[in-house]
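Numbering (the working numbering), first residue to last: 110 to 469. One structure below.
Dropping the structure here:
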């Protein structure tokens, strides 16, 4: 999932500051050490986690959760590769990155007895990605679709081609996610191909589609949320966006609509993983068990406007939430949708080459 108001430079700055040693001679104190021992460092999306839940966790267990934010999955990967997976006690990861992190030796296996509330988590999601059952604790899941202003388009948006081959009315007013898998993957989907295609001809077609779309794009970034969002102000008319974030924007302006295109979409699931380097694995498990209490998880799902992986929590959600097809997609859309898979290195390079060519 994917929400932030931070730019890449800020995300990296936060990381650098977080990585600085805290035991510099003459500065460390006993109280500071004690505070550090009761603190979890979480690498997370911005505006994704209810601060009231973090406050309740601190009140109950005396543990502070300090969040560092990233803007895209790729920025998170850059941060972790730059430190060899160290510096955090918990990381919120997309499912398709878990196997790669595990191969690098960055992750500690999940010990089920230390997180009893894992019994509430759907097995479908626990096993949905390679190595996810061994190393990940599922959190929320969702989709990638299109948000658009109904007062700025001449017809309803129904297809990915409405984004990649936009009408004249939205030229220069489109926001595209600055992420190679999302950009290339959705271009492939628009053309009727798999988001995980390894076919050179299909990738070339996706590249040409993205290059042809480029003059219509206002910016390659993630749309900001809140009342100052460019989608709310009218500076942008259309955006590639995650479903829960679109619902947040709709709270500020009902003229913003969201669609899961008829070709299908990308399905994602976010997982908490525990770095092997963390010295606070017990505290991390305590946190994961706390948030998977059904009542807590139901609140977190509603806060972020995303579907939960916790089946007991799902039963506590309001009917209108569970019946919202922008949160829980229809069977028809789900059957046409895909999750990302880990690409062979040569193919991943091809995706990155296309991405860099498009955004330059």
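Glycine residues also receive a C-beta, built at the ideal position from the N, C-alpha and C atoms. The structure displayed is predicted, hence computed values, not measured ones.
Residue i - DSSP class collapsed to helix/strand/coil
i           : result
residue 158 : coil
residue 261 : coil
residue 174 : strand
residue 139 : Low local confidence applies: a pLDDT of 34 at residue 139 is under 50, so the model's placement there is unreliable, and no value is given.
residue 280 : coil
residue 457 : helix
residue 294 : helix
residue 449 : coil
residue 131 : Note that residue 131 scores a pLDDT of 36, beneath 50, so its modelled location is shaky and nothing firm can be said.
residue 272 : helix
residue 315 : helix
residue 355 : helix
residue 255 : strand
residue 443 : helix
residue 417 : strand
residue 300 : coil
residue 468 : helix
Enclosing alpha helix (DSSP H) for residue i [first to last residue]
i           : result
residue 331 : Run containing residue 331: none; DSSP gives neither H nor E here.
residue 228 : Careful: residue 228 lies outside any alpha helix (DSSP H) and carries neither H nor E.
residue 244 : 241-244
residue 339 : 339-342
residue 224 : Per DSSP, residue 224 belongs to no alpha helix (DSSP H) and is neither H nor E.
residue 325 : Here residue 325 belongs to no alpha helix (DSSP H), and DSSP marks it neither H nor E.
residue 398 : 390-400
residue 411 : 403-413
residue 420 : 420-423
residue 428 : 428-431
Identified DSSP bridge partners for residue i
i           : result
residue 203 : 379
residue 179 : 154
residue 234 : Answer is none; residue 234 lacks a bridge partner.
residue 148 : 173
residue 216 : 384
residue 307 : None, per the DSSP bridge assignment.
residue 438 : Residue 438 is not bridged to any residue.
residue 189 : Bridge partners of residue 189: none, in fact.
Residue burial classification, residue i (beta-carbon count within 10 angstroms, cutoff 16)
i           : result
residue 248 : buried
residue 342 : exposed
residue 401 : buried
residue 169 : exposed
residue 360 : exposed
residue 150 : buried
residue 303 : exposed
residue 246 : buried
residue 287 : buried
residue 337 : exposed
residue 190 : exposed
residue 278 : exposed
residue 310 : exposed
residue 175 : exposed
residue 274 : exposed
residue 352 : buried
residue 226 : buried
residue 198 : buried
Range of the contiguous beta strand (DSSP E) that encloses residue i
i           : result
residue 366 : 365-368
residue 283 : 283-285
residue 350 : 347-351
Cβ separation of residue i and residue j, assumed to be a contact under 8 angstroms, to the nearest whole Å
i           : j           : result
residue 447 : residue 376 : 7 angstroms
residue 217 : residue 240 : Between residue 240 and residue 217 the Cβ distance is about 12 angstroms, and since that is not below 8 angstroms, they are no contact.
residue 450 : residue 234 : Contact doesn't hold; Cβ gap of about 16 angstroms is too wide.
residue 366 : residue 257 : 6 angstroms
residue 386 : residue 173 : Not confirmed; about 20 angstroms, so no contact.
residue 243 : residue 219 : 7 angstroms
residue 438 : residue 252 : 6 angstroms
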